[in-house]
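For what it's worth, my numbering labels the leading residue of the sequence shown as -19, then goes sequentially.
Glycine included, C-beta positions come from ideal geometry on N, C-alpha and C.
Notes to accompany the following structure.
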Amino acid sequence: VLDTLHALLAHGIDVKLNAVVMDGQNTDDLIPLTQLTRQHPVSVRFIEEMPFNGEGAHYPKLVWNHVRILETLRAHYPDLQKIPDGPHSTSYNYAIPGHLGNVGIIAAFSRTFCGTCNRIRLTAQGELKTCLYDDGVLDVRALLRAGATDEELRHAFRRAFAHRPQNGFEAEAGRQNHPVSESMSTIGG
């Protein structure tokens, strides 16, 4: 893995490493992953665990939210400094003096960043999702199989984006299948 990281960096490729923080499974990796930013110009981003487990079960209490992740990082790096987030950033970003890279926290479950999100997903089944929490708002596969023209596709995409939910709560409320039951691998994440 480190050989691949070094090869990517040697070719000038920006590298972001995402890690979902899961209670009792990988929380001891927060500091070692953050250490990668000392000698490498990488962005390490810690993501709150979300309910996309593929089981459709009610989600247990979130133990490792963005606050706890930040507290853990600050305990090891008291000089951790908030840096500006990009205009469409889904993470709260921080720098550690003397480190080449930075660290971010994606508060994907305990807080909403919908106002800055410009993401879309295309599932393996051909469903366009304008929000992680919606059912899928456009059957792109059906349009392609029906021979839709480029203009028809553009119009369908624009219509889907125009009706994008305000936030994940609104998207989830409009779902046909409650609760969220997909896994991130089927959603496209």
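Inter-residue Cα distance where the pair is Leu60 and Arg18: The residue given as residue 60 occupies position 80 in the sequence shown. The residue given as residue 18 occupies position 38 in the sequence shown. One C-alpha to the other measures close to 12 Å.
Rounded C-alpha distance that separates Val0 from Arg144: One-based indexing of the sequence shown puts residue 0 at position 20. One-based indexing of the sequence shown puts residue 144 at position 164. Answer to the nearest angstrom: the Cα atoms are 26 Å apart.
Helix, strand or coil at Ile11 [DSSP, three-state]: In the sequence shown, counting from the first residue as 1, residue 11 sits at position 31. Helix, per DSSP.
Of the residues Lys62, Gly(-8) and His135, the one placed nearest Ile85, counting alpha carbons only: Looking up residue 85 in the sequence shown gives position 105. When only C-alpha atoms are compared, the closest one is Lys62.
DSSP three-state assignment for Arg121, whether helix, strand or coil: One-based indexing of the sequence shown puts residue 121 at position 141. Correct three-state label for Arg121: helix.
Cβ contact check for the stretch 65 to 74 and the stretch 96 to 103: 3 or more pairs under 8 Å: yes
Residue environment, Ala87, which counts as buried when at least 16 other CB atoms sit within 10 Å: Translated into positions along the sequence shown, residue 87 becomes position 107. Buried, because 16 or more other Cβ atoms sit within 10 Å of the Cβ of Ala87.
Continuous beta strand (DSSP E) stretch holding Ala142: start and end: Along the sequence shown, one-based indexing puts residue 142 at 162. Here Ala142 belongs to no beta strand (DSSP E); instead the alpha helix (DSSP H) covers Asp130 to Ala142.
DSSP-derived helix/strand/coil call for Ala75: Residue numbering aside, residue 75 sits at position 95 when the sequence shown is read from its first letter. If DSSP states are grouped into helix, strand and coil, Ala75 belongs with the strands.
Ile63 (DSSP reduced to helix, strand or coil): As a working note, residue 63 is residue 83 in the sequence shown. Coil at Ile63, not helix or strand.
Test item: CB-CB of Leu118 and Ala142 under 8 Å: Start at 1 with the first residue of the sequence shown, and residue 118 comes out as number 138. Start at 1 with the first residue of the sequence shown, and residue 142 comes out as number 162. Not closer than 8 Å, so no.
For Leu(-11), the three-state DSSP class (helix, strand or coil): Position 9 of the sequence shown, counting from 1, holds the residue named residue -11. Note: Leu(-11) maps to helix in three-state DSSP.
Given 8 Å, three or more beta-carbon pairs between the stretch 104 to 120 and the stretch 44 to 54: no
Where Arg18 sits in the DSSP three-state scheme: The residue you call residue 18 lines up with position 38 of the sequence shown. Note: Arg18 maps to helix in three-state DSSP.
Glu107 classed as buried or exposed, judged by whether at least 16 other C-beta atoms fall within 10 angstroms: Within the sequence shown, the letter at position 127 stands for residue 107. That one is buried.
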